[in-house]
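Input: a single structure, listed below in structure tokens.
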Amino acid sequence: AAYVATGLFALNVGYFHAIGWISCIQQLMATLFLLLSIRFGVDAMAHGGRRDRFCSVTAYLLALLSIEQTFLAPVMIALIALLRLAGRVEPKRVAATLWPHFVLLAVYSAMRIFWKGTPDSGISQFHYSTNIPANVAVYLGAMYNFWPKIGDLIASGKHAINSGMYVLALVGLYNIARWRVGHVLFGLCFIVGALLPALPLRAHAFYYHTYAAGFGAVFLIGLVFDDIFGLLRYVRLRTVGTQMIVACVIVVVFAGFSWKKVRWNEERVLNPKTSRYGSFVLRRAIIAERTWDGIQSKAGDLSGVTEVHIGRGSPEDGLRVAEPRDLYWAYCNGIAFK
336 AAYVATGLFA LNVGYFHAIG WISCIQQLMA TLFLLLSIRF GVDAMAHGGR
386 RDRFCSVTAY LLALLSIEQT FLAPVMIALI ALLRLAGRVE PKRVAATLWP
436 HFVLLAVYSA MRIFWKGTPD SGISQFHYST NIPANVAVYL GAMYNFWPKI
486 GDLIASGKHA INSGMYVLAL VGLYNIARWR VGHVLFGLCF IVGALLPALP
536 LRAHAFYYHT YAAGFGAVFL IGLVFDDIFG LLRYVRLRTV GTQMIVACVI
586 VVVFAGFSWK KVRWNEERVL NPKTSRYGSF VLRRAIIAER TWDGIQSKAG
636 DLSGVTEVHI GRGSPEDGLR VAEPRDLYWA YCNGIAFK
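By the count of this note's numbering, the sequence shown reaches residue 673 at its end, each step adding exactly one.
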């Protein structure tokens, strides 16, 4: 039943925005295929299996088709295999495993350089200068706060050490203290390998470039929580009553936290000074609701309205974004409303 329900939801075009846009499915797919390519690639180096080689190359191709940011997968496979196998692999096996990956990388690179080209304008413009260390600082500081603040942090120039960097450092040090040096190196390799392709972006306004890299950070913090959950084995919930009490406490805590988070988001969205830092999905929903209420109150009877166009700026600007940004207008059957 779960597979059927998931399939119906995922394949229904009516849910395209929920699946494709809001979930950033291309980034999640890229992360999945990147992980599969690494997994099968390392296994191929360890055991020399043709099936593992084929699966690794296929997963790499699917990762590239999902998002270009995964193009360093062959390098990541080599580094992670070196960390895991520690010299216990033959050079011939390394070459046999990775040469198809590098051929694919060369073809992709040629296509990118000579056909599609590197963006030289707009918010995705590449720029090899002081923006790179600034991007590194912002990415590392927002590794556990994936999407709401990336663009704002970079645009505001807030590249100083922040709480996110402390969390990343503490999680790394904790795992090293638990003799997980290899795990930490894997996480860092994944973070660096997935971030490098996005570092030259000059005016980085997109949060989703941290999704794939964020897996390395989530992996490290997941090890910490694995230890925390391991402590629960010392807790004996022998009776149904104690189990129900614990379950109720957990439900109340999570429900209360969720309610508080929603109210906090609403307060920030409604406050002009902090609205840009709140949930942009919630902000857009509130803006849409207010705009539609305004249209109904000013336009009166909308029974004959066939089209409603909403934009920013002024009606004379058309539908392009224009200043001032806080002026929204609607165009209903030839009548413009601010």
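Using N, Cα and C, we set each Cβ at its ideal position, and we do this for glycine too.
- How long is the line joining the alpha carbons of Trp450 and Ala590, rounded to whole angstroms? 52 Å
- Give me whichever residues DSSP pairs with Phe461 in a beta bridge. Leu536
- Query: Should the segment 427 to 442 be regarded as contacting the segment 391 to 405, the criterion being three or more beta carbon pairs within less than 8 Å?
  - Reply: yes
- Distance, Ile415 Cα to Ile489 Cα: Only weak support is given to the placement of Ile489: the predicted model assigns it a pLDDT of 45, under 50, and the value that follows is read from those uncertain coordinates. The straight-line gap from Cα to Cα measures roughly 30 Å.
- Hey, out of Arg625, Ala533, Gln404, Asn470, whose CA is closest to Phe368's CA? Gln404
- From Leu530, Ile580, Ala552, pick the residue whose C-alpha is nearest to that of Phe521; which is it? Ala552
- Measure the beta-carbon distance from Ile526 to Ala548 and round it to whole angstroms, keeping in mind my assumption that it falls under 8 Å. 5 Å
- Task: For Ser632, name the three-state secondary structure that DSSP assigns.
- Result: helix
- Of the choices Asp387, Ile402, Pro468, whose alpha-carbon is the least far from that of Ile412? Asp387
- With DSSP collapsed to three states, give me the class of Thr366. helix
- Task: Buried or exposed for Ile485, please, with buried defined as at least 16 other CB atoms from any protein chain shown within 10 angstroms of its CB.
- Result: With a pLDDT of 44 at Ile485, under the threshold of 50, the modelled position of this residue cannot be trusted; read the value that follows with caution. Ile485 should be labelled buried.
- By a C-beta neighbour count over all protein chains shown, 10 Å radius and 16 as the cutoff for buried, is Pro409 buried or exposed? buried
- Do the CB positions of Arg515 and Gln460 come within less than 8 Å of each other? no
- Task: Could you tell me which of Val339, Arg428, Gly349, Gln362 sits nearest to Gly376, measuring between CA atoms?
- Result: Arg428
- In whole angstroms, what separates the C-alpha of Arg675 from that of Ser593? No answer is possible for residue 675: it lies beyond the span of the chain, which begins at 336 and ends at 673.
- Contact set for Leu433: own chain, Cβ-Cβ below 6 Å, skip 5 residues either direction: Pro409
- Task: Using 10 angstroms around the beta-carbon of Asn470, count the other beta-carbons present and answer buried if the total reaches 16, otherwise exposed.
- Result: buried
- CB of Val581 within 8 Å of CB of Leu572, strictly: yes
- Query: Are there 16 or more other CB atoms within 10 angstroms of the CB of Met300, so buried, or fewer, so exposed?
  - Reply: No answer is possible for residue 300: the residues shown for the chain start at 336 and end at 673.
- Could you name the residues of the same chain whose beta carbon sits closer than 8 Å to that of Tyr509, not counting the 5 residues immediately before and after it, in chain order? Val559
- Item | Exposure of Asp562, with buried meaning 16 or more beta-carbon neighbours within 10 Å | exposed
- Given that a residue counts as buried once 16 or more other Cβ atoms are within 10 Å of its Cβ, and exposed if not, what is Ala529? buried
- Item | Nearest-angstrom Cα separation, counted from Glu601 out to Ala620 | 11 Å
- Task: State the start and end residues of the unbroken alpha helix (DSSP H) segment that holds Asp387.
- Result: 385 to 401
- Separation of Ala445 from Ala430, as counted between CA atoms: 22 Å
- Message: Quick check on Thr366: buried or exposed, where buried means 16 or more other Cβ atoms within 10 Å of its Cβ?
- Response: buried
- Rounded to the nearest angstrom, how far is the Cβ of Leu407 from that of Leu531, given a contact under 8 Å? 6 Å
- Query: Taking the C-alpha atoms as reference points, what is the distance between Asn347 and Ala353?
  - Reply: 11 Å
- Message: Using only the alpha-carbon positions, how far apart do Thr577 and Cys583 sit?
- Response: 10 Å
- Hey, Ile556 and Val506: beta-carbon distance below 8 Å or not? yes
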